[in-house]
Amino acid sequence: MIFMAKPNLSGLLGQVQKMQEQLKKAQEELEAIDVEGSSGGGMVTVFATANREIKRIQIDPEVVDPEEVEMLEDLIVAAVNQALEKA
Numbered sequence: 011m012i013f014m015a016k017p018n019l020s021g022l023l024g025q026v027q028k029m030q031e032q033l034k035k036a037q038e039e040l041e042a043i044d045v046e047g048s049s050g051g052g053m054v055t056v057f058a059t060a061n062r063e064i065k066r067i068q069i070d071p072e073v074v075d076p077e078e079v080e081m082l083e084d085l086i087v088a089a090v091n092q093a094l095e096k097a
């Protein structure tokens, strides 16, 4: 007759809870790390956290031209992507 050991469920539960606490702590630490990306020689700058949350977008007023909206959109996308790469 083969006897199988019963898993220690309380031990497993404790390990899961510890891992959840560690994950939460890591997420909080990522929120505290700031990164930034810019494009157009600093005309558009994006500020984000290391957990990839955009906090703020700064646009140089000289870039705001109603006839150049497409260029501004491209600069914003480039700056966001650069900030997220650093996150």
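To convert, note that position 60 of the sequence shown is 70 in our numbering; the numbers rise steadily by one, no gaps. Every residue gets a Cβ at the ideal spot worked out from N, C-alpha and C, and that includes glycine. Since we're looking at a predicted model, the values are computed, not measured.
Exposure of residue i, with buried meaning 16 or more beta-carbon neighbours within 10 Å
i, result
"A89", "buried"
Expected contact under 8 Å - CB spacing of residue i and residue j to nearest Å
i, j, result
"T59", "D75", "Their Cβ separation, rounded to whole angstroms, is 31 Å, which puts T59 and D75 out of contact at 8 Å."
"L85", "N61", "About 24 Å separates the two Cβ atoms, so there is no contact after all."
Separation of residue j from residue i, as counted between CA atoms
i, j, result
"I69", "G51", "11 Å"
"Q27", "G21", "10 Å"
"G47", "M81", "17 Å"
"Q32", "I67", "31 Å"
"V102", "E63", "Only positions 11 to 97 of the chain appear in the structure, and residue 102 is not among them; the question remains open."
"M29", "V73", "47 Å"
"E83", "E95", "18 Å"
CB of residue i within 7 Å of CB of residue j, strictly
i, j, result
"V56", "A93", "yes"
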